[in-house]
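Remarks on the structure that follows.
Residue numbers (our numbering): 350 to 426.
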């Protein structure tokens, strides 16, 4: 997982961490961005995730279409 501080000053889509990986990848493709800023329910930035990081999780044997971005944060620690 990429540190939130690395992208905090950059413009980019902010999304809730309960978004699924599938939706996040679709959003990134449509917005033509390489990363998303992740926010919790209080709209506090909790981190960021790159398209490459999501692709690794999507390609794993344990991946399901219900995997959420907050789960990716936990798995990456």
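From the three backbone atoms N, C-alpha and C, an ideal C-beta is built for every residue, glycine too.
Problem - Distance, residue 369 Cα to residue 415 Cα - result: Using only the alpha carbons, I get a separation of about 6 Å.
Problem - residue 409 - DSSP class collapsed to helix/strand/coil - result: coil
Practice task
Rounded to whole angstroms, what's the CA-CA distance from residue 392 to residue 421? Just pull it up for me.
Solution key: Whole-angstrom Cα-Cα distance: 18 Å.
Exercise for the section: Mind checking who residue 398 pairs with in its DSSP beta bridge? Expected result: 385
Handout entry: Per-residue DSSP class, three states only, for residue 415
Key = coil
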